[in-house]
Amino acid sequence: MRVRRQALAVVLVILATPSGAAPYGSRLLQQARNPQPVIAVASEDKRQEPDTDILALPSGKCSTLKVAGRDFACRAVAFFQNEQGRANFVIALDDPNDGSHIITFSGDNGRREKDDLYELQVDRMLLNSKDRPKVDGLPVPVVELSTGTCKQLGNLRTTGISSIACSATDRNGKSYAVQFESDGTPTTVRRIVRSALVNEKRRTKVIEQLECRQKAEAAKILPRDRTAYIIGCLEQEDSQKPATDQ
0 MRVRRQALAV VLVILATPSG AAPYGSRLLQ QARNPQPVIA VASEDKRQEP DTDILALPSG
60 KCSTLKVAGR DFACRAVAFF QNEQGRANFV IALDDPNDGS HIITFSGDNG RREKDDLYEL
120 QVDRMLLNSK DRPKVDGLPV PVVELSTGTC KQLGNLRTTG ISSIACSATD RNGKSYAVQF
180 ESDGTPTTVR RIVRSALVNE KRRTKVIEQL ECRQKAEAAK ILPRDRTAYI IGCLEQEDSQ
240 KPATDQ
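With numbering that gives the first Met the number 0 applied, the sequence shown corresponds to residues 0 to 245, in that order.
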């Protein structure tokens, strides 16, 4: 369960990082690859292992994106599903006041009545922002019990995602809606294979690097000064960690 939360949290970090928004986190996914990561990216044509999550990154735009009555543009969209069947439509908002503003329509056991139609009953919304706390260096979104539906047109194995339509209302009466259309670019599909926790330290380093890059973007650090800024950020992260024995 903890590792499944980490896998989704990495998706949130990728989408929340402005430099990963074109094309929708693919560059950061490449940077996150290493010889033995806890979360590694494998190509779709390889045989799926039992402990594998699916990540799809379509390219396009949102004609509609409403959060609690407010209109937004979207910066990135992703579909994420774990091996237990829980699916998530993750939307990164183009919010000038919050680069980590992300909403997620989440539900269990989506169904595919037709080859090109996938439907999901939404039972919760995950709400992430710059003010959310972190656990193990990863953001922890607010979970709001909700009711709603998502419909995805297209097939990940053939045509890719052509459109996504989601709407939901949480227990506080706040409503959420998104309508996404693909621009025709093939959908990027990856399998996230989770390996042994012995590589936790390596994965944590990757996440710290992504977070420091995000801080550099938010602080508008010039490209010539960015490397020094990130190195200093990583050193500060290390100095704040409590000392532990072997």
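Note that the Cβ used here is the ideal one computed from N, Cα and C, for glycine as well.
ask   = Would you report the Cα separation of glutamine 120 and threonine 226, rounded to the nearest angstrom?
value = Looking up residue 120 in the sequence shown gives position 121. Looking up residue 226 in the sequence shown gives position 227. Glutamine 120 and threonine 226: Cα-Cα distance of roughly 44 Å.
inquiry  = Could you tell me which whole alpha helix (DSSP H) segments of length 4 or greater appear in the region 155 to 187?
reply    = none
key: Element boundaries [beta strand (DSSP E), containing valine 139]   = Against the sequence shown, residue 139 aligns to sequence position 140. Where valine 139 is concerned, there is no enclosing beta strand (DSSP E), given that its DSSP letter is neither H nor E.
task = Output the distance between the C-alpha atoms of tyrosine 250 and glutamate 234, rounded to the nearest integer angstrom.
result = Any property of residue 250 remains undetermined from this structure, which presents the chain solely from 0 to 245.
ask   = Taking DSSP as the reference, what is the three-state secondary structure of proline 22?
value = Residue numbering aside, residue 22 sits at position 23 when the sequence shown is read from its first letter. Summary for proline 22: the model assigns pLDDT 35, below 50, so the residue's position carries little reliability, and this model does not support an answer.
query = From this set, Val141, Leu126, Thr184, which residue's C-alpha is nearest alanine 91's C-alpha?
reply = Position 92 of the sequence shown, counting from 1, holds the residue named residue 91. Checked all of Val141, Leu126, Thr184; the closest Cα to alanine 91 is Leu126.
Touching by the beta-carbon criterion (3+ pairs, under 8 Å), the region 57 to 74 and the region 171 to 191 = yes
message = Just verifying my parser: in three-state terms, what is the DSSP assignment at glycine 109?
response = Within the sequence shown, numbered from 1, the residue matching residue 109 stands at position 110. DSSP places glycine 109 in coil when its eight states are reduced to three.
query = Can you tell me where the beta strand (DSSP E) with glutamate 317 in it begins and where it stops?
reply = No answer is possible for residue 317: it lies beyond the span of the chain, which begins at 0 and ends at 245.
message = Under 8 Å: do the region 127 to 143 and the region 93 to 108 share three or more Cβ pairs, one atom per stretch?
response = yes
key: Burial state of threonine 210, where buried means 16 or more other Cβ atoms lie within 10 Å   = Here the question's residue 210 lines up with position 211 in the sequence shown. A quick correction: the sequence has glutamate, not threonine, at residue 210. When all chains shown are included, glutamate 210 counts as buried.
ask   = Which of helix, strand or coil does DSSP assign to serine 62?
value = For this step, residue 62 is matched to residue 63 along the sequence shown. DSSP places serine 62 in strand when its eight states are reduced to three.
message = Quick check on the DSSP output: the beta strand (DSSP E) that includes phenylalanine 78 runs from which residue to which?
response = Walking along the sequence shown from the start, residue 78 turns up at place 79. Here the beta strand (DSSP E) through phenylalanine 78 covers 73 to 80.
Which residues DSSP lists as bridging asparagine 87, in chain order = As a working note, residue 87 is residue 88 in the sequence shown. DSSP lists Phe79, Ser105 as partners of asparagine 87.
key: 6 Å CB neighbourhood of serine 161 in its chain, flanking five on each side removed   = For this step, residue 161 is matched to residue 162 along the sequence shown. Leu152, Gly153, Ser181, listed in sequence order.
request  = Within the same chain, show all residues whose beta-carbon is closer than 6 Å to that of glutamate 236, passing over the 5 residues directly before and after it, in chain order.
outcome  = Here residue 236 refers to the residue found at position 237 of the sequence shown. Contacts found: Glu207.
Neighbourhood of aspartate 94 by C-beta distance below 7 Å, restricted to the same chain and skipping five residues each side = For the purposes of this step, residue 94 is identified with residue 95 of the sequence shown, where counting begins at 1. Taken in chain order, the residues that qualify are Phe71, His100.
Arginine 189 versus leucine 54: straight-line alpha-carbon distance, rounded = By 1-based counting over the sequence shown, the position of residue 189 is 190. By 1-based counting over the sequence shown, the position of residue 54 is 55. Going by the C-alpha atoms only, they are around 5 Å apart.
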